[in-house]
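Reviewing the structure listed below.
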Amino acid sequence: MNYSIAFNHAWPNPFIERTTPSVLRRFQPLHHRWSIFLSLSALCQLVVAAPPTEQRTFENDRLGKVQFVVPVEWETYDRHHINFGTTVLSGKNRKAEEFEISFNDAERMQFKWASEAELREFVAWQMRQYLSQSVEGNAEIKVERGPNLVVYSTLTDKQPKPGEFKFVTLGAARTGDAVFLIYHLTNERQRVQKVVSAVAEAKRVPK
Numbered sequence: 169m170n171y172s173i174a175f176n177h178a179w180p181n182p183f184i185e186r187t188t189p190s191v192l193r194r195f196q197p198l199h200h201r202w203s204i205f206l207s208l209s210a211l212c213q214l215v216v217a218a219p220p221t222e223q224r225t226f227e228n229d230r231l232g233k234v235q236f237v238v239p240v241e242w243e244t245y246d247r248h249h250i251n252f253g254t255t256v257l258s259g260k261n262r263k264a265e266e267f268e269i270s271f272n273d274a275e276r277m278q279f280k281w282a283s284e285a286e287l288r289e290f291v292a293w294q295m296r297q298y299l300s301q302s303v304e305g306n307a308e309i310k311v312e313r314g315p316n317l318v319v320y321s322t323l324t325d326k327q328p329k330p331g332e333f334k335f336v337t338l339g340a341a342r343t344g345d346a347v348f349l350i351y352h353l354t355n356e357r358q359r360v361q362k363v364v365s366a367v368a369e370a371k372r373v374p375k
């Protein structure tokens with residue numbers, strides 16, 4: 169599979185061909201009433217501020233049904249890549265972010281990377297095309313562990329043009345024969361964690 173296909177954007181998606189342009193603090197225990205009050209207050213604020221999520225199930229010809237928990241605001245829908253039968257999830261709300269989560273089996277995607285070390289190598293390799301236009305100049309590789317281990321990296325555009333997103337994130341996960349690839353654009357760094365978590369917690373539905 170060709171992982172270097174570009175499309176019309178400052179941050180091209182290297183994973184899949186696009187058919188349309190777009191795209192606590194840890195508190196130490198304090199043994200008095202104020203600590204309990206403040207902790208409860210902070211917890212309440214987090215609960216109130218947490219965006220609503222929904223459980224969505226998408227089907228792939230090779231992997232079967234895969235279940236995701238995603239923010240409702242994503243308005244997630246699925247489409248199929250024109251080749252390989254890869255299932256691609258995207259969102260209709262593109263004001264704050266654009267993303268694509270693609271998944272298929274490793275054989276069909278010709279995806280040879282399997283271990284954490286290999287996934288780190290893969291993501292670093294893919295991020296190289298963005299380094300020259302990034303603030304960082306090098307890709308910091310991060311890992312999130314869940315049912316799926318996600319390896320990902322985010323870079324910042326040093327001269328974003330009007331209407332283009334500032335942050336680009338690429339990620340990859342592999343559990344058995346299931347491969348997940350992440351492509352994410354946004355101007356709000358905190359949104360990156362949502363898409364990474366959605367992939368880390370994705371589960372195949374038993375047949």
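Numbering of the sequence shown is given in this note's numbering, commencing with residue 169 and proceeding in unit increments. Idealized CB from N, CA, C, for every residue including glycine. It should be emphasised that the depicted structure is a prediction, and the values quoted were computed from it without experimental measurement.
Residue i - containing alpha helix (DSSP H), residue span
i      : result
Gln278 : Taken as a continuous stretch (DSSP letters only), Gln278 belongs to no alpha helix (DSSP H), as it is neither H nor E.
Phe290 : Glu284 to Met295
Gln361 : Gln358 to Ala368
Residue range of the unbroken beta strand (DSSP E) whose run includes residue i
i      : result
Leu323 : Val318 to Thr324
Pro239 : Gly232 to Pro239
Glu308 : Here Glu308 belongs to no beta strand (DSSP E), and DSSP marks it neither H nor E.
Phe226 : Thr221 to Asn228
Counted within 10 angstroms of its Cβ, other Cβ atoms place residue i as buried (16 or more) or exposed
i      : result
Leu338 : buried
Ser300 : exposed
Arg288 : buried
Val234 : buried
Asp325 : buried
Ser270 : buried
Arg357 : exposed
Gly160 : No answer is possible for residue 160: it lies beyond the span of the chain, which begins at 169 and ends at 375.
Ala368 : buried
Arg342 : buried
Pro182 : buried
Pro239 : buried
Glu266 : buried
Tyr351 : buried
Glu243 : exposed
Ala370 : buried
Glu268 : buried
Ser283 : exposed
Val373 : exposed
Ala285 : exposed
Gln327 : exposed
Paired residues, beta bridge with residue i - DSSP
i      : result
Tyr351 : Glu268 and Leu338
Arg247 : Val256
Ser302 : Asp325
Arg372 : Val234
Asp273 : Ala346
Supposed contact pair residue j and residue i - C-beta distance, whole angstroms, cut 8 Å
i      : j      : result
Lys334 : Asn306 : The pair is not a contact, with the Cβ atoms about 17 Å apart (cut-off 8 Å).
Gly253 : Arg276 : 6 Å
Leu353 : Val364 : Going by Cβ atoms, the distance from Leu353 to Val364 rounds to 14 Å, so no, they are not a contact pair.
Tyr256 : Arg247 : Going by the sequence as given, residue 256 is Val instead of Tyr. Sure, about 5 Å apart at Cβ, within 8 Å.
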